[in-house]
Amino acid sequence: MDSKLFPEGAQRCSFGKFLIWTAVILAFFLWGLYAAVLVLYNGIGTTGLDNYFGFGAWITFDLAVIALGAGAFFTGLLKYILKIKQLEKIINLTVVVGFICYSGAMLVLTLDIGQPGRAWFGYWHPNVHSMLTEVIFCITCYCTVLIIEFIPLVLEQKQLNKIPFIHALAHNMHVNMALFAGIGAFLSTFHQGSLGGMYGVLIGRPFAFREGFFIWPWTFFLFVLSAVGSGPVFTVLVATFMEKLTGKKLVDYKTKALMGKIAGTMLTVYMFFKILDTWAWATGYLPSVGLTFDEMFYGLVYGKWLLYTEIVLCGVVPAIMLITPSIRNRPALLYTAAILDCAGVSLNRYIFTVQTIAFPAMPFDSWQVYAPNWVEYASSIMIVAYGFLVLTLVYRYLPLFPQERELN
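Here's what the structure looks like:
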C-alpha cells in the first residue's frame, strides 16, 4: 500500500512484514523509553551511578557511538575534499549512521546530565576552562551539519523530488556539500580529540593523565586516530548487516574493501602511537609519581587482560588484517577484522571511563567496582532501537543506495 513511496525501481517487503518488524523495534524502544522516564522523574539516583562513579555505562556508550560514527566525517572528507569517487556508493549510509550515532549520543547525554531542564546552561554559561565546553559546542554544531547533509537524501524521495523547487534545492545542496564536509571534518576532529583530552588532563587520575604537545595531551590525538580507524569499517558492518536482513546486495565488495583499507591504514597509525604512549606512560610517567604499572590494575574486572585485549587482539590483529590485501579481500576475514576493530575502540572508551575512576587515587580510597543496573542498559538499548528504526524508515522510503537497482 506504500509502494509509491519506494525509491525508483526498488523492491521492498510487504507492508505487513514491515509493520511486524517495526513493532518489534518499537517494543525495545518503549522499554528503554520507560527506563528513561524513570530517570527523568526520579533522578539519576535511579541508575547504578553514585558519588564515586559519575561516569559509567552511558558515557562509555556515548563515547563509543561517537567514535564509531566518525565514518561520516572522515568518509565525507575523503569523498568531497579528496575526491575519492568510489566512496559515493556508501556516502549516504555514512551520513545516516553518523546522524544516528550523534543524535543518539545527545539523547543519552540528556539523561546523563541529571537535570535536563538545565541542559542549556552549557551554552549560556560555558566553563571556558573545560574541554567539555568545546565538546558541547562541536557536537551540537556537527550534529547540525549532519542534519544538513541528511536533508538532500530526504528531498530525493521519489514523490518529493517531482516538485521542481525541491529537486533544484536537493541538487544545489549536493553541489555545495564539500563545504559542509569540510566544516564537519573540522568540528568532528576537535570534539573527538577533546573527548580524549578531557581524560588526559586529569592530573589527579594517574591512570588517564598524559603529557602532550602544547595544550593537548596525547590522548587528544589518540582519540581522533582511533575514531577514524574504526568509523569506516563500522559503516561496512552496518551495510553488511542490512544486506543479510534484506537478502539484497547494497554495496559492492570493492567499496567495502576500500573502506577496510582506509580504516586499516589509520588503525595502524593509531596502534603505533598507542603502543608508544602506553610504554611511555608505564615506564616514564608512572614511576615519576611513585606508582608502578601493576598498581594500575586490580583483579579480574580491572585486570591487565583488558589492556592486552584492546591493544593486541582488538588493535594489532585487525590492523594487520585490514592492511593486508590478501586478507582484506576475503569477506569473512574483512568482517572479522571490522568487528575486532570496533570492539577495540569501544573497549578503549570503557577503560578510560570506568577504570580511570575505579583506581584509588587518594590514600583513603580503595578499588571500586561499577555495576550498571537495568535502567542504564534499557535506556542504551532504546538508542540502539532508535537507530534501527531510523535505518528501517530510511531504507524503505529514501534512495539510500542509488546503485541498488544495478546490483540486484
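Take the sequence shown: its position 9, counted from the start at 1, is 1346 in our numbering, and no numbers get skipped.
Heads up, the beta-carbon is just placed ideally off N, CA and C, and yes, glycines get one too.
What you are looking at is a predicted structure, and each value in this text was computed from that prediction instead of being measured.
Is the separation between the beta-carbon of residue i and that of residue j shorter than 9 Å?
i, j, result
"Phe1517", "Val1482", "yes"
"Phe1436", "Ile1476", "no"
"Tyr1590", "Gly1521", "no"
"Leu1469", "Ser1531", "yes"
"Thr1572", "Thr1673", "no"
"Ile1599", "Leu1415", "yes"
"Asp1614", "Arg1686", "no"
"Val1434", "Val1588", "no"
"Ala1656", "Tyr1607", "yes"
"Thr1729", "Thr1359", "yes"
"Phe1410", "Ser1525", "yes"
"Phe1398", "Val1445", "yes"
"Asn1745", "Lys1495", "no"
"Phe1365", "Ile1718", "yes"
"Ile1694", "Phe1390", "yes"
Measuring straight from C-alpha to C-alpha, what distance separates residue i and residue j?
i, j, result
"Ala1617", "Met1535", "19 Å"
"Asp1387", "Phe1696", "15 Å"
"Leu1370", "Phe1551", "43 Å"
"Ala1545", "Cys1350", "49 Å"
"Leu1726", "Cys1651", "29 Å"
"Val1691", "Gly1393", "6 Å"
"Asn1710", "Ile1688", "19 Å"
"Ile1450", "Ala1456", "7 Å"
"Ala1505", "Ile1428", "20 Å"
"Asn1464", "Ile1396", "20 Å"
"Asp1631", "Ala1698", "14 Å"
"Gln1423", "Glu1741", "15 Å"
"Gly1627", "Gly1406", "39 Å"
"Leu1637", "Leu1377", "34 Å"
"Leu1492", "Ser1467", "39 Å"
"Val1706", "Ile1540", "22 Å"
"Lys1641", "Phe1634", "6 Å"
"Ser1440", "Lys1341", "29 Å"
"Glu1743", "Gly1584", "15 Å"
"Asn1379", "Ala1372", "10 Å"
"Val1721", "Ile1648", "26 Å"
"Leu1375", "Gly1724", "22 Å"
"Lys1593", "Asn1666", "9 Å"
"Pro1489", "Ile1362", "26 Å"
"Val1538", "Gln1529", "15 Å"
"Gly1533", "Phe1474", "16 Å"
"Thr1602", "Gln1452", "42 Å"
"Thr1629", "Tyr1639", "15 Å"
"Gly1519", "Ser1703", "46 Å"
"Tyr1417", "Met1514", "7 Å"
"Phe1578", "Ala1675", "12 Å"
"Trp1553", "Phe1527", "11 Å"
"Ala1680", "Leu1367", "27 Å"
Does DSSP put residue i in a helix, a strand or coil?
i, result
"Gly1346", "coil"
"Phe1738", "coil"
"Tyr1389", "coil"
"Gly1549", "strand"
"Pro1554", "strand"
Since residue i is in the alpha helix (DSSP H), which residue starts that stretch and which ends it?
i, result
"Ala1708", "Taken as a continuous stretch (DSSP letters only), Ala1708 belongs to no alpha helix (DSSP H), as it is neither H nor E."
"Glu1580", "Gly1568 to Thr1583"
"Cys1480", "Met1468 to Leu1492"
"Ile1381", "Run containing Ile1381: none; DSSP gives neither H nor E here."
"Ile1676", "Pro1668 to Tyr1687"
"Ala1401", "Ala1394 to Leu1405"
"Val1748", "Residue 1748 lies beyond the stretch modelled for the chain, which goes from 1338 to 1745, so this question has no answer here."
"Thr1615", "Tyr1590 to Ala1617"
"Ile1421", "Note, Ile1421: premise wrong, no alpha helix (DSSP H); not H, not E."
"Arg1542", "Here Arg1542 belongs to no alpha helix (DSSP H), and DSSP marks it neither H nor E."
"Gly1454", "Segment: none, Gly1454 is in no alpha helix (DSSP H) and carries neither H nor E."
"Val1512", "Pro1501 to Val1512"
"Pro1662", "Pro1662 to Arg1665"
"Ala1409", "Gly1408 to Gly1413"
"Lys1641", "Lys1641 to Tyr1645"
If residue i and residue j are in contact, beta carbons under 8 Å, what's the gap, nearest whole angstrom?
i, j, result
"Pro1668", "Pro1344", "Not quite, the Cβ-Cβ distance comes to about 26 Å (not below 8 Å), so this is no contact."
"Leu1677", "Val1654", "6 Å"
"Gly1597", "Val1570", "6 Å"
"Gly1385", "Glu1713", "6 Å"
"Leu1559", "Lys1611", "6 Å"
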